[in-house]
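*Asks:*
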Amino acid sequence: MSPAETGGVMIAGLVVLMVLRMPIFLAMAAAGAAGYLWLGGPAPLLAYLKSSVVSLFVSYDYSIVPLFLMMGHFAGRAGISADLFAAANAWVGHRRGGLAMSTVLGCGAFGAICGSSIATATTMAAVALPEMRKHGYSGALASGTLAAGGTLGILIPPSIILIIYAILTEQNVVKLFVAAVVPAMLAVAGYLLAIAVYVRLFPAEAPTRGRLPLAERLRSLRRVVPALAIFAVVFVGIYGGFFTPTEGAAIGAVVTGGYAVLSGRLGLRGFVETSLETATATAFIFAIVFGADLFNVALALTRVPQQMAEWIGGVAITPYAILAALVLIYLLLGCVMDSLSMILLTIPIIFPAFMALDFGLATEAQALWFGILTLIVVEIGMITPPMGLNLFVISALARDVPNAMIYRGVSPFIAAEIVRVGLITAFPSLSYWLVRTFYS
Amino acid sequence: MRVPGPSIAARTHETASRIAVVLAVLGAVLLLAAAVIVAYSVLLRIVASGQVKGDFEIVAVASGIAILLFLPYCQAMHAHVTVDVFTGWLPRAVLRWIEALWSLALAVAAAALAWRLSVGLEEAWRRNDVTMMLHLPLYAAYAAAVIGFAGTSILALLDLLEALSQSPRRNGRAR
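The listed protein sequences correspond, in order, to chains A and B. In terms of the working numbering, the first sequence opens at residue 692 and continues consecutively. In terms of the working numbering, the second sequence opens at residue 2 and continues consecutively.
1. State the DSSP-derived secondary structure class of B:Pro-138, mapped to helix, strand or coil.
2. Using only the alpha-carbon positions, how far apart do B:Thr-83 and A:Val-710 sit?
3. Under 8 Å, CB to CB, which of the residues in the region 10-37 of chain B have a partner in chain A?
4. How long is the line joining the alpha carbons of A:Ala-1087 and A:Ser-1030, rounded to whole angstroms?
5. I believe B:Val-30 touches B:Leu-137 by the beta-carbon criterion, under 8 Å. Please report the beta-carbon distance rounded to the nearest angstrom.
6. Measure the C-alpha to C-alpha separation of B:Met-134 and B:Val-147 and round it to an integer number of angstroms.
7. Just the chain A side, please: which residues come within less than 7 Å of B:Arg-97 by C-beta, in chain order?
8. Taking 7 Å as the threshold (C-beta atoms), are B:Arg-117 and B:Ala-164 in contact?
9. Does the CB of B:Gly-173 have a neighbour CB from chain A at under 7 Å?
10. Within 7 Å (strictly less), CB to CB, does B:Met-133 reach chain A?
11. Taking Cβ positions, are A:Ile-1034 and A:Ile-855 nearer each other than 7 Å?
12. So which of A:Ile-702, A:Val-924 and A:Phe-765 has the shortest CA-CA distance to A:Ile-942?
13. Would you say the region 796-807 of chain A touches the region 1047-1066 of chain A, given that touching needs at least three Cβ pairs under 8 Å?
14. In this structure, what does DSSP give as the bridge partners for B:Val-131?
15. For A:Asn-863, I'd like the list of residues in its chain whose CB is within less than 6 Å of its CB, leaving aside the five on either flank, ordered along the chain.
16. Compute the Euclidean distance between the alpha carbons of A:Ile-1097 and A:Pro-1103, then round it to the nearest angstrom.
17. Near A:Thr-993, what residues of its chain come up, given a Cβ to Cβ distance below 8 Å and the 5 sequence neighbours on each side ignored?
18. Hey, would you say A:Val-1027 sits closer than 7 Å to B:Val-95, going by beta carbons?
19. For A:Ile-976, count neighbouring Cβ atoms within 10 angstroms of its own Cβ and tell me buried if that reaches 16, exposed if not.
20. What residues in the region 57-75 of chain B bring their beta carbon closer than 9 Å to a beta carbon of chain A?
21. Just to confirm, are B:Val-60 and A:Ser-746 a CB contact at a threshold of 7 Å?
22. When DSSP labels each residue in this structure, what does A:Pro-917 get in the three-state scheme?
23. Find the residues of chain B that neighbour A:Thr-1075, judging by a C-beta separation of less than 7 Å, and give them in chain order.
24. In angstroms with no decimal places, state the Cα-to-Cα distance between A:Ser-1134 and A:Arg-768.
25. With a threshold of 8 Å, are at least 3 pairs of Cβ atoms found where one atom belongs to the region 39-51 of chain B and the other to the region 985-1001 of chain A?
26. Within 7 Å (strictly less), CB to CB, does B:Leu-105 reach chain A?
27. Is A:Cys-798 helix, strand or coil by DSSP?
28. Using 10 angstroms around the beta-carbon of A:Ser-807, count the other beta-carbons present and answer buried if the total reaches 16, otherwise exposed.
29. Measuring from the CB of B:Leu-107, is there a heavy atom of the ligand GTP at a distance below 6 Å?
30. Name the chain B residues whose beta carbon is nearer than 7 Å to that of A:Ser-742?
31. Flag this pair as yes or no: are the beta carbons of A:Gly-881 and A:Arg-1127 separated by less than 7 Å?
32. According to the neighbour-count rule (16 or more other Cβ atoms, all chains shown, within 10 Å of its Cβ), is B:Asn-172 buried or exposed?
33. Inspect the beta-carbon positions of B:Ser-258 and A:Pro-757 and report whether they are closer than 7 Å.
34. Compare the C-beta of A:Ala-978 with all C-beta atoms of chain B and state if any pair is closer than 7 Å.
35. Under the three-state reduction of DSSP, which class applies to A:Ile-847: helix, strand or coil?
36. Below 7 Å between beta carbons: does that hold for B:Ala-142 and A:Val-749?
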């Protein structure tokens, strides 16, 4: 068997194991270990297993991930999501679909201090779901909004997926965060538009209520102050170059935790619960990081990634056709796989191939653009049935809403996201323009 | 004859899960402590242009150990991601056999990893591997890795035993 064939068998084996419901990280590790064993014999595999986990996890680059996760869970515990939702609700809640719009705005604001989709969906659902149902919103609209709003947690920097992309492709995390800002605003705008269209088509699904007096609205703004302060400290620091992203994440965790304690919402019991939430979210990510590392180390030996890059670089079709094919593949994969596994498995293979294409862009601009595009397409996977993690999260919280209703409710948001993918594909400068302005 | 009440496997699983909780909280405390040191260091740098020496080593080692100590809890909660789409239609009994099979696979794989890492631990100890600036001992991270994967292996094994003893499974996953 030639190395390339071994690579093919590894990929096929991985797919079979995953389809048979083996935990994804274990499937990647098993397929990787088998390939490694076949190509190099037992000695290199045994040596790899002896130390790789430690050298992989004890890393300054990766330490930002558990720190941002801890910060996000502290923020949820401190009731910041409830405050953001209440403030948005005071201002736009009286419009048709206003509560859903408030949810999107709240998710967006929360996403600016939280790097995880699931954490955002969970914490926002706890406040927004009962509120929407109480005011007679349909289960479809309420659950669809929350599932889609949750993705803002990761589309808006900080973003765990962008951090992983930066590490895999050796790009600057801060520049990636900056590049994500304009696309993130487009995402919020797209979601708001999707709600506006939906409630015009089905007005019965979103009853309106009276406007709040101005004094009460102004008072609601005070509740936004803590979130704003945390955001300001962490991101002015990071974007202004006062500290590294990892330092920013550490400061964010400390400040948010401190605020949670001061607000009286984080006692010893709350700390234990937050620790466990952080532990689960961190551990499943790093299990996949390890599995993907073993798989990719073995796959690199087969030279499949290089051959793929050479092949794609050599085909005589327009780069845009290849890009369209890549986007399509990610969208299809996203229906059955989680976003992190997709990034970790495909980026080492696809990134070199993509960079070999000529779009007439500077290398860095092209890498940033591709990062943002990948982020968006894998995040669409979080809300596409049947295997969308956010859909599961919401379905577990909104038990009375049947899955078919959730799928219906989320479809306008998927449409909005597909339009956004089209926009950013057609206008790459939407991603790197701000970076260029910022750093020139 | 079936014994009433939770099986021995289920009860042992309960105890092991509690230990996993303790390890996870320990990891979180370590992570938070490192975060406090880094925050203090940045504060020093901004107001007094000093800093805590080698703070980046502290956060790297502490977060690495934390991640490794989080692993058993993740297994106790069955929180590792799977692709469920293609097997959802299978009868419950078949699914249970598949899950039991993967519990076995995980128990073996995690045990093998724990074994290799214990060799790594011994070497790190013998060579006295330390970080560059602060000379933080790297064997601590290896020890955490052995604990993390041995714990995962034990919990997966208990899942398997529980499945074999046919006791009703409690599923920790949010679904």
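Where is the CB? At the ideal position from N, CA and C, for every residue including glycine.
*Replies:* Well, looking at it:
1. The sequence position of residue 138 of chain B within the second sequence is 137, counting from 1. Looking at B:Pro-138 - three-state DSSP - the assignment turns out to be strand.
2. Translated into positions along the second sequence, residue 83 of chain B becomes position 82. Translated into positions along the first sequence, residue 710 of chain A becomes position 19. Across the structure, B:Thr-83 and A:Val-710 are spaced so that their CA atoms are roughly 9 Å apart.
3. Only those residues of the region 10-37 of chain B whose C-beta falls short of 8 Å from the nearest C-beta of chain A are listed: Val-22, Ala-25, Val-26, Gly-28, Ala-29, Val-30, Leu-32, Leu-33, Ala-35, Ala-36 and Val-37.
4. Residue numbering aside, residue 1087 of chain A sits at position 396 when the first sequence is read from its first letter. Residue numbering aside, residue 1030 of chain A sits at position 339 when the first sequence is read from its first letter. Our two residues, A:Ala-1087 and A:Ser-1030, have alpha carbons roughly 20 Å apart in a direct line.
5. Position 29 of the second sequence, counted from the start, is the residue given in the question as residue 30 of chain B. Position 136 of the second sequence, counted from the start, is the residue given in the question as residue 137 of chain B. In fact, because the Cβ distance is near 17 Å, the residues do not count as touching under 8 Å.
6. As a position in the second sequence, residue 134 of chain B is number 133, starting the count at 1. As a position in the second sequence, residue 147 of chain B is number 146, starting the count at 1. Distance between the alpha carbons of B:Met-134 and B:Val-147 is about 25 Å.
7. Your numbering for residue 97 of chain B matches position 96 in the second sequence. Chain A residues near B:Arg-97: none, gap ~11 Å exceeds 7 Å.
8. Within the second sequence, numbered from 1, the residue matching residue 164 of chain B stands at position 163. Within the second sequence, numbered from 1, the residue matching residue 117 of chain B stands at position 116. Their beta carbons are not under 7 Å apart, which means B:Ala-164 does not touch B:Arg-117 by this criterion.
9. Mapped onto the second sequence, residue 173 of chain B falls at position 172. Confidence at B:Gly-173 is low in this model, with a pLDDT of 43, below 50, so its placement is unreliable and the value that follows should be read with caution. No, B:Gly-173 does not count as interfacial toward chain A.
10. Here residue 133 of chain B refers to the residue found at position 132 of the second sequence. Among the CB atoms of chain A, none fall inside 7 Å of the CB of B:Met-133.
11. Translated into the one-based positions of the first sequence, residue 1034 of chain A becomes position 343. Translated into the one-based positions of the first sequence, residue 855 of chain A becomes position 164. With contacts defined by Cβ atoms closer than 7 Å, A:Ile-1034 and A:Ile-855 form a contacting pair.
12. Taking the first sequence and counting its residues from 1, one reaches residue 942 of chain A at position 251. Nearest in C-alpha terms to A:Ile-942, of all of A:Ile-702, A:Val-924 and A:Phe-765, is A:Val-924.
13. Cβ pair count under 8 Å is below three, so no.
14. Looking up residue 131 of chain B in the second sequence gives position 130. In the DSSP output, where bridge partners are listed per residue, B:Val-131 has B:Pro-138.
15. By one-based count along the first sequence, residue 863 of chain A stands at place 172. Same-chain partners within the cutoff: there are none.
16. Taking the first sequence and counting its residues from 1, one reaches residue 1097 of chain A at position 406. Taking the first sequence and counting its residues from 1, one reaches residue 1103 of chain A at position 412. Computed Cα separation, rounded: 11 Å.
17. The sequence position of residue 993 of chain A within the first sequence is 302, counting from 1. Excluding sequence neighbours, A:Thr-993 sits near Pro-694, Ala-695, Thr-697, Gly-698, Met-701, Gly-726 and Leu-730.
18. On the first sequence, residue 1027 of chain A is found 336 positions in, with the first residue counted as 1. On the second sequence, residue 95 of chain B is found 94 positions in, with the first residue counted as 1. Their beta carbons are not under 7 Å apart, which means A:Val-1027 does not touch B:Val-95 by this criterion.
19. In the first sequence, the residue the question calls residue 976 of chain A occupies position 285. It is buried - the Cβ of A:Ile-976 has at least 16 other Cβ atoms within 10 Å.
20. Taking 9 Å as the Cβ-Cβ cut-off, the region 57-75 of chain B approaches chain A at Phe-57, Glu-58, Val-60, Ala-61, Val-62, Ala-63, Ser-64, Gly-65, Ile-66, Ala-67, Ile-68, Leu-69, Leu-70, Phe-71, Leu-72, Pro-73, Tyr-74 and Cys-75, given in chain order.
21. On the second sequence, residue 60 of chain B is found 59 positions in, with the first residue counted as 1. On the first sequence, residue 746 of chain A is found 55 positions in, with the first residue counted as 1. Here B:Val-60 is not near A:Ser-746, since their CB atoms are 7 Å or more apart.
22. Here residue 917 of chain A is taken as the residue at index 226 of the first sequence, counted from 1. A:Pro-917: helix per DSSP, three-state reduction.
23. Residue mapping note: residue 1075 of chain A aligns to position 384 of the first sequence, counting from 1. Within 7 Å Cβ-Cβ: nothing; A:Thr-1075 doesn't reach chain B, min ~11 Å.
24. Nothing can be reported for residue 1134 of chain A: it is not among the residues displayed for chain A, which extend from 692 to 1131.
25. As far as the Cβ criterion goes, the region 39-51 of chain B does not touch the region 985-1001 of chain A, which means the pair count is below three.
26. The sequence position of residue 105 of chain B within the second sequence is 104, counting from 1. No, B:Leu-105 lies away from the interface with chain A (no Cβ there is under 7 Å from its Cβ).
27. By 1-based counting over the first sequence, the position of residue 798 of chain A is 107. Helix.
28. On the first sequence, residue 807 of chain A is found 116 positions in, with the first residue counted as 1. When all chains shown are included, A:Ser-807 counts as buried.
29. Because no ligand of any kind appears in the structure shown, any question about the ligand GTP cannot be addressed here.
30. What you label residue 742 of chain A is simply residue 51 of the first sequence in a count that begins at 1. Here the neighbours are Gly-121.
31. Looking up residue 881 of chain A in the first sequence gives position 190. Looking up residue 1127 of chain A in the first sequence gives position 436. No. Outside cutoff.
32. Taking the first residue of the second sequence as 1, we reach residue 172 of chain B at position 171. Residue confidence for B:Asn-172 is low, a pLDDT of 48 falling below 50, so the modelled location carries little weight; the figure read from the coordinates is stated next. By the 16-neighbour rule on beta-carbons within 10 angstroms, B:Asn-172 is exposed.
33. This structure cannot settle anything about residue 258 of chain B, because the visible part of chain B is limited to 2 through 176.
34. Counting from 1 along the first sequence, the entry for residue 978 of chain A is found at position 287. Chain B contact via Cβ: present.
35. Taking the first residue of the first sequence as 1, we reach residue 847 of chain A at position 156. Reduced to three states, the DSSP call for A:Ile-847 is coil.
36. Start at 1 with the first residue of the second sequence, and residue 142 of chain B comes out as number 141. Start at 1 with the first residue of the first sequence, and residue 749 of chain A comes out as number 58. Yes, the pair counts as a contact, with Cβ atoms nearer than the cut-off.
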